[in-house]
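Peer 1:
Numbering (the working numbering), first residue to last: 7 to 225.
Structure representation (structure tokens):
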């Protein structure tokens with residue numbers, strides 16, 4: 007199949023598997039989403055969803071958040087990892103939101119990425135999931151699958167994002183990035199991968215990846 011046919015096969019398959027797409031991180035508004043995404047760095051969504059209710063019970067808006075000390079925030083979010091950096095980021099960005107944006111999360115990539123501990127991926131998630139602005143946040147699952155599916159060279163997430171945006175229709179980005187994440191978790195994980203269940207990779211996957219899979223299977 008041509009690359010365009012592969013893209014169409016991916017879209018069709020993902021729509022069949024995930025006609026309704028759950029949001030991985032639990033939140034109630036743009037602010038709580040921003041904090042949840044920040045906390046998810048090098049952690050799991052499951053762990054973050056266990057901790058955010060404890061934090062948001064005390065502070066689910068920037069005004070209440072800065073009433074907590076950085077140490078208090080750190081103690082609450084410690085189980086998600088990297089708590090020293092994340093607690094400073096949460097406190098710092100909350101303060102800036104109050105001082106510069108009347109306590110509201112800005113609907114702007116540049117403004118979001120200027121906030122403490124907010125990188126391009128975090129900003130992209132907030133823009134797409136909170137505000138509906140087309141974006142294609144690339145996490146480890148998307149990066150892995152774009153390589154396995156021979157749609158990107160796998161060198162870095164920046165290139166993977168460019169390739170995804172070039173190949174997939176803009177109006178589908180917000181749904182597709184979530185569908186690919188769920189697919190990666192369920193059918194094409196990094197560990198415990200079963201190619202027989204991974205219907206997309208089995209049909210269109212990079213030959214070298216598939217060859218390595220079968221060699222490892224035999225060994």
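By construction, the Cβ of each residue, glycine as well, lies at the ideal position given by its N, Cα and C atoms. Note that this is a predicted model, so its numbers are computed, not measured.
Is the Cβ-Cβ distance between residue 5 and residue 31 less than 8 Å?
Peer 2: For the chain, the structure presents residues 7 to 225; residue 5 sits outside this window and is missing.
Peer 1: Using the Cβ count rule (16 or more neighbours within 10 Å means buried), how would you classify residue 138?
Peer 2: Residue 138 sits exposed, since fewer than 16 C-beta atoms from the chains shown fall within 10 Å of its C-beta.
Peer 1: What residue ranges within the region 54-123 form continuous alpha helix (DSSP H) runs of no fewer than 4 residues, ordered along the chain?
Peer 2: Entirely contained in the region 54-123, the alpha helix (DSSP H) runs reaching 4 residues are, in chain order, 68-71, 76-83, 89-107, 115-119.
Peer 1: Take the Cβ of residue 111 as the centre, count every other Cβ of all protein chains shown within 10 Å, and call the residue buried at 16 or more, exposed below.
Peer 2: buried
Peer 1: So what does DSSP say about residue 203, is it helix, strand or coil?
Peer 2: Collapsing the DSSP output to three states places residue 203 in coil.
Peer 1: Between the C-alpha atoms of residue 98 and residue 68, what's the straight-line distance to the nearest angstrom?
Peer 2: 10 Å
Peer 1: In whole angstroms, what separates the C-alpha of residue 185 from that of residue 24?
Peer 2: 6 Å
Peer 1: Within 10 angstroms of its Cβ, does residue 172 collect 16 or more other Cβ (buried), or is it exposed?
Peer 2: It is exposed - the Cβ of residue 172 has fewer than 16 other Cβ atoms within 10 Å.
Peer 1: Between which two residues does the alpha helix (DSSP H) harbouring residue 177 extend?
Peer 2: Premise fails: residue 177 is in no alpha helix (DSSP H) and is neither H nor E.
Peer 1: Does the contact criterion of 3 or more C-beta pairs under 8 Å hold for the region 121-132 versus the region 151-159?
Peer 2: As far as the Cβ criterion goes, the region 121-132 does not touch the region 151-159, which means the pair count is below three.
Peer 1: Give the straight-line distance between the Cα atoms of residue 207 and residue 122, rounded to the nearest whole angstrom.
Peer 2: 38 Å
Peer 1: Please tell me whether, using a cut-off of 7 Å, the distance from the CB of residue 215 to the nearest non-hydrogen atom of the ligand HEM is below it.
Peer 2: The ligand HEM is absent from the structure shown, which contains no ligands of any kind.
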